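Peer 1:
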Amino acid sequence: MSTPRDHIRNFSIVAHIDHGKSTLSDRLIQVTGTVTEREMKQQLLDNMDIERERGITIKAQTVRLKYTAKDGETYILNLIDTPGHVDFAYEVSRSLAACEGSLLVVDAAQGVEAQTLANVYQALDHDHEIVPVLNKIDLPAAEPDRIKEQIEEVIGLDASDAVMISAKTGIGIEEVLEAIVTRLPPPPEGERDKPLKAMLVDAWYDPYLGVVVMVRILDGELKKGMRVKMLQAGAVYGVDKVGVFAPKPTDVESLGPGEIGFLTASIKEVADALVGDTITTEKKGIETPLPGFRPAQPVVFCGLFPVDAADFEDLRSAIGKLRLNDASFSYEMETSAALGFGFRCGFLGLLHLEIIQERLTREFNLELITTAPSVIYNITLTNGEVLELHNPADMPDPVRIDNIAEPWITATIMTPDEHLGSVIKLCQDRRGIQKDLTYVGTRAMVVYELPLNEVVFDFYDRLKSISRGYASFDYQMGEYRTEDLVKMQILVNSEPVDALSILVHRSRAEMRGRAMCEKLKELIPQHMFQIPVQAAIGGKVIARETIRALRKDVTAKCYGGDATRKRKLLEKQKEGKKRMRQFGKVDIPQEAFIAALKMDDD
Amino acid sequence: MADMPAFGVYIHWPYCRRICPYCDFNVYKARGDDQALADAILADLHHWRQRLGPRPLTSLHFGGGTPSLLPPTTLAKMIDQVCALFPPLDNLEIGLEANPTDHQSLAEIRQAGIERLSLGLQALNDPDLKRLGRDHGVRQGLAALEDALVLFPRVSVDLITAREGQTPTQWHAELQDILRYDLDHLSVYGLTIEPGTAFARQQDRGDLIPPDDETASTLYDITVDTLRGAGFTHYEVSNFARHPAAQSRHNRLYWQSDDWLGLGPGAHGRLTLDGQRLATETHLQPKPYVEAVSTTGTGSKPPDPLSDTDQALEALIMGLRLDEGVEAARLHALAIDPKTLRQLAEEGLVDGDLFTLGRGRGLGDSRLGGRLRLTGRGRRLLDHVLLRLTA
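Residue numbers (my numbering), protein chains in the order written: chain V, 515 to 1116; chain U, 222 to 612.
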């Protein structure tokens, strides 16, 4: 039977990467006896290898904890583990919408980071009750009093009752559970007799169960055998199973108001289950969908091509399989003169791009060439028509273009004081506009407006490197702004290489062109002939380098002992040559397509 | 046995008085306790004689290291034993690599039975010799050369070019200096900075700046033009001889992918045995080599049989270094694309005759009986050509 409303607590954990969210989740599961010691795997909630390695959560997950509190009552605690990264901001917002409270976990040595801020503000936007938790208090570097002050100062949250814990050693876990019961509110009064009103929190593909949909019930009851309707998707399904995660999927009779659980319903693809959709009964259901729904919107695009052209079909099938479980990325076939057949893929952000790329490489054993990431440009033609441009190679003839608009973001960067100068220079170099600069102790917080196009590629890497890894970064999408953008082409041996075309601000074109030509000069091996490498806008060359013809390339000494060595070297070189793409008469190494764009000199 | 390849013996003497900063060979500082190693080499020789039978001997070569550090009596004993076990052919070559600092031993070396001496002069100006870490000067080097020319029937000189700061004018003058001597053979090596050497570390630190590609190429051109002008044939990438008999018959075994037995620490060999072609390699360091000989009878690790492709690849890599190139029939397993050949011929890298002969049927068609050889320009770009032929 469904649990009484006031014995339910739905909560999520807000934290920066590495501040101990997963370890705390594991502890909560363990201490409540939800799984036995033996079943306890390290970081149970982060299922994917990549998630575990990177210490991030990609898919929202939930677990139902049964906790007998000091008041003698038994409570059901639903923990929704939310993705911690800005790329998944919408998914985070839906997970938060499914809860009434959050634990704000802050590392007692490192303090508040940019990501902590972004997520805690979101939680506050959802009217969450928030319990601050200071983790890693057992570390010698821990300064709980200073961090409490910081939380109060930066976030404006009363931290005097912060729970002090060490998730690693188990200190304070009971106190966290008590705080959840006593300080977080139960779900609001829902009406069991009203028609079903539930939110689709997340969905994923399970090899045994098919598409599994995580739901939060607001009104009514969800039961096996019901016919339900998804309002946004406009689809109707018969419910096959209703259950909860304990943490293994466990069937239950029904789910009532305030409860979180799952349903399965012979849904074919994850893409059919839209995060944030409203679920109701097929007949006599509600008609107004829940607020806050937004279809998945890729913001970053890039081309993915197999290194070996013969692997194209394998790539197609691998992308298809990944898409089954991740509806938020899009793909369509792309043909490049330089790279052959591949796919133009859209992602929620850079991390998402990297994750997909890594999964294709790792899980499907594919070697990929990734082209320069691009944002979506809005191009207004002289005839008034507006186009969305995902790929610089598709840019219309400039004479037909009236204007080009690009997306901007608002970036929040927190950095130790000593790196502030470098951080500001980086933002200025990337056409940033400073909006705010404040200090929290020795940490500075700057807010910049930046064109996404300047951030999308190596901004994060550069930021990490100039701050020795200490700066943290988060962003929110902003508006489109019309800018003086031009398409810059790279010509190798007088032929344009489509995969190296980029859209760039006119004021930055010459600098970028020069940098790219210099890079390519290093990356493209010498050939038998001289190779000009040029950057051009329209027909006008703005930068040029020349790769000189190879005049001499011979091993001076080759005697008895060298036969084996030389043979092995040649075999290695042959492998290297396979990784090159022939463009006209010129071989271009695959890494050049990405490396050429890196700006390490600013 | 009818088609057995020519056969030679290589003996590696790994000790040097000092280690040159450009050298990446298997070398150790001489310590004087070398009798055990010499004995082990002889035991290893007997071991292989058992397996190979009395193969007729084309050459015996002492390399290193510095084999001129071998006591002459030991040297004589080794030569005698090899010639007793493998019947020498009429024009048997017995060669040794020597340093000018061993000037005083040259007469004894000759007496021990060496008939061809390669003298490591390396440079003919003192500052460069010092920079190369050599412990001899120009005067000492030339004095050794003069005596060697009197003592030995055949003498070759080793020189190093593409040195740091070397100008075409200086190099041309040095070549003129050496050409004043009555030499029939010269080996001229472009300085290569090998990983792990002192020069590589200097280069990493910015303390050594080798000539750029253009200069190195110009220096190579000067070498080839000057020596050809003086009547030498450019018979291998880095080797020049006035007439065929002056060529190194031992090194030709390598370049023709014939057979050779490699003895001593870290020596490689190629041996045709029971219809298989084996790649052999001995233990790298003197001590494990000696131990392996005493426990297993040989200093060799278990040999690797070479596949048809490996053999063809080696025939190509080594054979294209020679002026006359390599027999097309030996390259069959590589299935070289006729299109690539045609393109290389059009670019003036591969000799055009074979291209005409091939008519798109591809290399290695035994009916053609042709040879794949490179033009002068092609040989200068050999590594590039190899990659195109095989990739």
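All C-beta atoms in this analysis are idealised placements derived from N, C-alpha and C, irrespective of residue type, glycine included.
All of these numbers come straight from a predicted model, not from anything done at the bench.
Between V/Val528, V/Lys708 and V/Ser844, which has its C-alpha nearest V/His904's C-alpha?
Peer 2: Residue numbering aside, residue 904 of chain V sits at position 390 when the first sequence is read from its first letter. That would be V/Ser844, whose Cα lies nearest to the Cα of V/His904.
Peer 1: Going along chain C in order, which residues have a C-beta closer than 9 Å to the C-beta of U/Ala513?
Peer 2: The chain inventory of the structure shown lacks chain C, comprising the protein chains V and U.
Peer 1: Give the interface partners of U/Gly411 over in chain V, defined as CB-CB distance under 7 Å, in chain order.
Peer 2: Residue mapping note: residue 411 of chain U aligns to position 190 of the second sequence, counting from 1. Result: Ala1070.
Peer 1: Take every Cβ of the stretch 365-374 of chain U, pair it with every Cβ of the stretch 314-332 of chain U, and state whether three or more of those distances are shorter than 8 Å.
Peer 2: Because the criterion of three Cβ pairs below 8 Å is met, the stretch 365-374 of chain U and the stretch 314-332 of chain U touch.
Peer 1: Should the stretch 522-530 of chain U be called in touch with the stretch 497-512 of chain U, which here means at least 3 C-beta pairs below 8 Å?
Peer 2: Short answer: they touch.
Peer 1: From V/Thr537 to V/Thr588, what distance separates their C-alpha atoms?
Peer 2: Mapped onto the first sequence, residue 537 of chain V falls at position 23. Mapped onto the first sequence, residue 588 of chain V falls at position 74. If I take the Cα positions, the gap works out to 24 Å.
Peer 1: According to the neighbour-count rule (16 or more other Cβ atoms, all chains shown, within 10 Å of its Cβ), is V/His533 buried or exposed?
Peer 2: The sequence position of residue 533 of chain V within the first sequence is 19, counting from 1. It counts as buried.
Peer 1: Pull up the DSSP beta-bridge partners for V/Lys711, would you.
Peer 2: As a first step, residue 711 of chain V is located in the first sequence; it is residue number 197 there, counting from the start. The partner list for V/Lys711 (beta bridge, DSSP) reads V/Asp733.
Peer 1: Thinking just about the alpha-carbon of each residue, which of U/Arg331, U/Leu429 and U/Cys304 is nearest to the one in U/Leu317?
Peer 2: Taking the first residue of the second sequence as position 1, residue 317 of chain U is located at position 96. That would be U/Arg331, whose Cα lies nearest to the Cα of U/Leu317.
Peer 1: Give me the Cβ distance between V/Asp765 and V/Gly752, rounded to the nearest whole Å; I'm assuming they're in contact under 8 Å.
Peer 2: Taking the first residue of the first sequence as position 1, residue 765 of chain V is located at position 251. Taking the first residue of the first sequence as position 1, residue 752 of chain V is located at position 238. Actually they are not in contact, since the Cβ atoms of V/Asp765 and V/Gly752 sit about 16 Å apart, beyond 8 Å.
Peer 1: Strictly below 7 Å CB to CB, what residues from chain U border V/Leu1064?
Peer 2: Counting from 1 along the first sequence, the entry for residue 1064 of chain V is found at position 550. Residues of chain U passing the Cβ test: Leu602 and His605.
Peer 1: With 8 Å as the threshold, decide whether the Cβ of V/Tyr722 is near any Cβ in chain U.
Peer 2: Here residue 722 of chain V refers to the residue found at position 208 of the first sequence. No, because no Cβ of chain U sits closer than 8 Å to the Cβ of V/Tyr722.
Peer 1: For V/Gln624 and V/Ala656, I'd like the C-alpha separation in whole angstroms.
Peer 2: Working through the first sequence from its first residue, we reach residue 624 of chain V at position 110. Working through the first sequence from its first residue, we reach residue 656 of chain V at position 142. If you take the alpha carbons of V/Gln624 and V/Ala656, they lie about 8 Å apart.
Peer 1: Please classify V/Gln1087: does DSSP put it in a helix, a strand, or coil?
Peer 2: By one-based count along the first sequence, residue 1087 of chain V stands at place 573. DSSP places V/Gln1087 in helix when its eight states are reduced to three.
Peer 1: Please return the same chain residues whose Cβ sits closer than 7 Å to the Cβ of V/Ala712, not counting the five positions on each side in sequence.
Peer 2: Locating residue 712 of chain V in the first sequence gives position 198, where the first residue counts as 1. Answer for V/Ala712: Val729, Arg730, Ile731, Leu732, Leu736 and Ile793, listed in chain order.
Peer 1: For U/Leu404, I'd like the list of residues in its chain whose CB is within less than 7 Å of its CB, leaving aside the five on either flank, ordered along the chain.
Peer 2: Start at 1 with the first residue of the second sequence, and residue 404 of chain U comes out as number 183. Contacts found: Val376 and Val378.
Peer 1: Among V/Ile1045, V/His1041, V/Val1047 and V/Tyr1073, whose alpha-carbon lies nearest the alpha-carbon of V/Lys1091?
Peer 2: One-based indexing of the first sequence puts residue 1091 of chain V at position 577. Closest option to V/Lys1091, Cα to Cα, is V/His1041.
Peer 1: Counting only C-beta atoms, is U/Thr388 closer than 8 Å to chain V at any point?
Peer 2: Taking the second sequence and counting its residues from 1, one reaches residue 388 of chain U at position 167. It does not; no Cβ of chain V falls within 8 Å.
Peer 1: For the 8 Å Cβ check, are there 3 or more pairs between the stretch 1020-1036 of chain V and the stretch 1047-1054 of chain V?
Peer 2: At 8 Å Cβ cutoff, the stretches touch.
Peer 1: Would you mind reading off the limits of the beta strand (DSSP E) that contains V/Val961?
Peer 2: Counting from 1 along the first sequence, the entry for residue 961 of chain V is found at position 447. V/Val961 -> beta strand (DSSP E) spans Arg957 to Pro965.
Peer 1: For V/Ala1077 versus U/Tyr402, is the C-beta spacing smaller than 8 Å?
Peer 2: On the first sequence, residue 1077 of chain V is found 563 positions in, with the first residue counted as 1. On the second sequence, residue 402 of chain U is found 181 positions in, with the first residue counted as 1. Not in contact: V/Ala1077 and U/Tyr402 (Cβ atoms no closer than 8 Å).
Peer 1: If the criterion is Cβ atoms closer than 8 Å, does the pair V/Glu920 and V/Arg1020 meet it?
Peer 2: Mapped onto the first sequence, residue 920 of chain V falls at position 406. Mapped onto the first sequence, residue 1020 of chain V falls at position 506. No; because the gap between Cβ atoms is not below 8 Å, this pair is not in contact.
Peer 1: In this structure, what does DSSP give as the bridge partners for V/Ile883?
Peer 2: In the first sequence, the residue the question calls residue 883 of chain V occupies position 369. Partner(s): V/Phe819.
Peer 1: Can you name the residues of chain U whose CB is closer than 7 Å to the CB of V/Tyr719?
Peer 2: As a position in the first sequence, residue 719 of chain V is number 205, starting the count at 1. Under the 7 Å cutoff, chain U gives no residues; its nearest Cβ is about 41 Å from V/Tyr719.
Peer 1: Tell me, which residues are paired with V/Lys1054 by DSSP?
Peer 2: For the purposes of this step, residue 1054 of chain V is taken as the residue at position 540 of the first sequence. BP columns for V/Lys1054 point to V/Ile1051.
Peer 1: Check the DSSP bridge columns for V/Ile1102 and list the partner residues they point to.
Peer 2: Translated into the one-based positions of the first sequence, residue 1102 of chain V becomes position 588. Its beta-bridge partners are V/Arg1095.
Peer 1: Report the option in V/Lys580, V/Ala628, V/Val619 and V/Asn633 whose CA atom is closest to the CA atom of V/Asn605.
Peer 2: Position 91 of the first sequence, counting from 1, holds the residue named residue 605 of chain V. First, the amino acid is wrong: residue 605 of chain V is Glu here, not Asn. The shortest Cα separation from V/Glu605 among V/Lys580, V/Ala628, V/Val619 and V/Asn633 belongs to V/Asn633.
Peer 1: Take U/Cys237 and list the residues in its own chain whose beta-carbon comes closer than 6 Å to its own, dropping the five residues that flank it on each side.
Peer 2: For the purposes of this step, residue 237 of chain U is identified with residue 16 of the second sequence, where counting begins at 1. Hits under 6 Å: Val248, Gly286 and Thr287.
Peer 1: Can you check which of these residues, V/Leu591, V/Arg1022, V/Tyr1073 and V/Glu902, is closest to V/Val814 by C-alpha distance?
Peer 2: Translated into the one-based positions of the first sequence, residue 814 of chain V becomes position 300. Of the listed residues, the one whose Cα sits closest to V/Val814 is V/Glu902.
Peer 1: Per DSSP, V/Asn592 forms a beta bridge with which residues?
Peer 2: Taking the first sequence and counting its residues from 1, one reaches residue 592 of chain V at position 78. Note: V/Asn592 sits in a beta bridge opposite V/Asn524 and V/Arg578.
Peer 1: Do V/Phe819 and V/Ile870 come within 8 Å of each other at the CB atom, strictly closer than that value?
Peer 2: For the purposes of this step, residue 870 of chain V is taken as residue 356 along the first sequence, with counting starting at 1. For the purposes of this step, residue 819 of chain V is taken as residue 305 along the first sequence, with counting starting at 1. Contact: no.
Peer 1: Out of V/Pro700, V/Leu617, V/Glu688 and V/Tyr974, which one is the CA nearest neighbour of V/Leu671?
Peer 2: The residue given as residue 671 of chain V occupies position 157 in the first sequence. With distances taken between Cα atoms, V/Leu671 lies closest to V/Leu617.
Peer 1: From the DSSP output, read off the bridge partner residues of U/Glu457.
Peer 2: If you number the second sequence from 1, residue 457 of chain U lands on position 236. The partner list for U/Glu457 (beta bridge, DSSP) reads U/Asn460 and U/Leu543.
Peer 1: Does DSSP put V/Thr548 in a helix, a strand or coil?
Peer 2: Indexing the first sequence from 1 puts residue 548 of chain V at position 34. Coil, per DSSP.
Peer 1: Is the Cβ of V/Leu1084 closer than 8 Å to any Cβ of chain U?
Peer 2: Stepping through the first sequence from its first residue, residue 1084 of chain V is reached at position 570. Yes, V/Leu1084 counts as interfacial toward chain U.
Peer 1: Based on the DSSP output, what are the partners of V/Phe857 in its beta bridges?
Peer 2: Here residue 857 of chain V corresponds to residue number 343 of the first sequence, with the count starting at 1. DSSP, once it has assigned bridges, lists V/Leu818 and V/Met847 as partnering V/Phe857.
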